[in-house]
Amino acid sequence: MLAKAPPAGKIKGNSFGTIQAPFATLQEALTQVPHGTGFNIEVKYPMLDEAEPDHIRPIDLNVFVDRILDCVYTHAGDRNIVLSSFHPDICRLLSRKQPNFPVFFLTDAGVCPIADYRCVSVQHAVRFAKSADLLGIVTVSDPIVSAPRLVQAIKETGLLLFTYGQKNNDVAAVRIQRHYGVDAVIVDKVMLIRKELQN
């Protein structure tokens, strides 16, 4: 986090392969961002088939999740927090280890090949989220925009449905999702989408 704005043209943002400054820690974010701001904490942990090619050694899932939850409970105060992860076992642990924050399972609905069957489709994501007592799923928006009747099938299970992805920067795609009852749409162009939806 920057204490004051840098001079124009004097700073280059972080991008793939060019990290210009360290990332804020979770503790720093929780203590320095205004308390009225809610957090969607996406917990990153590699799947086995992602870790093996890069020789990433595993960290005990319980220890990993405990450290995150300890930081959240110590520094979050009364702010609204949502926890989410693409890793199903992380989601299950986040849900079992605490009762206060909703947990969502993130899925790319099989866009990226992954060995874990829970990650390969919206249908499998829904089954997993129900079995793990999660509040909902967050899926890439492509299958929802292509087949919006999926929304009703997902909602009938009692899960909340959020979406993310490139299509969510297209107002027409967001309107379709809104019409069919998607609970939240995660967008990059927040002001543009908000303005267009109000018209």
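According to the working numbering, the sequence shown is numbered sequentially starting from 3. Yeah, the Cβ is synthetic: ideal placement off N, Cα and C, and Gly gets one too. Here the structure is a predicted model, which means the values were calculated and not measured.
Query, Result
"Check whether VAL96 and VAL105 have beta carbons under 7 angstroms apart", "A quick correction: the sequence has Leu, not Val, at residue 96. The answer is yes: Cβ separation under 7 angstroms."
"When THR39, ILE156, PHE107 and ALA186 are compared against SER86, the one with the closest alpha-carbon", "PHE107"
"Which of helix, strand or coil DSSP assigns to GLU158", "coil"
"Contacts around TYR182, its chain only, beta-carbon distance under 6 angstroms, and the 5 residues preceding and following it disregarded", "PRO150 and VAL153"
"Buried versus exposed call for VAL124 [16 or more other C-beta atoms within 10 Å across all chains shown]", "buried"
"Residue span of the beta strand (DSSP E) that contains GLU44, given as start and end", "41-44"
"Sub-7 angstroms separation of VAL147 and ALA111 beta-carbons", "no"
"C-beta contact flag for THR159 and LYS132 at 7 angstroms", "yes"
"Euclidean distance between Cα positions of PRO145 and THR33", "37 angstroms"
"Whole-angstrom distance between GLY138 and GLU54, CA atom to CA atom", "29 angstroms"
"Length of the line joining the Cα atoms of VAL192 and ILE43", "19 angstroms"
"Distance CB(CYS73)-CB(GLN100) smaller than 7 angstroms", "no"
"Where PRO8 falls: helix, strand or coil (DSSP)", "Bear in mind that a pLDDT of 48 at PRO8, under 50, signals an unreliable position, so the number given afterwards is only what the model happens to contain. It is coil, neither helix nor strand."
"Alpha carbon of VAL45 to alpha carbon of GLN168, nearest angstrom", "21 angstroms"
"When CYS114, ARG196, ARG120 and VAL176 are compared against ARG94, the one with the closest alpha-carbon", "ARG120"
"Where the beta strand (DSSP E) through SER87 begins and ends", "83-87"
"Identity of the residue in ARG180, ALA186 and GLN179 nearest LEU162 by Cα", "ALA186"
"Alpha-carbon to alpha-carbon, VAL173 and ALA189", "According to the sequence as given, residue 189 is Val; it is not Ala. Distance between the alpha carbons of VAL189 and VAL173: 10 angstroms."
"Own chain partners of ASP91 with C-beta closer than 7 angstroms, once the 5 adjacent residues on each side are dropped", "LEU63"
"Extent of the continuous alpha helix (DSSP H) to which PHE130 belongs", "124-133"
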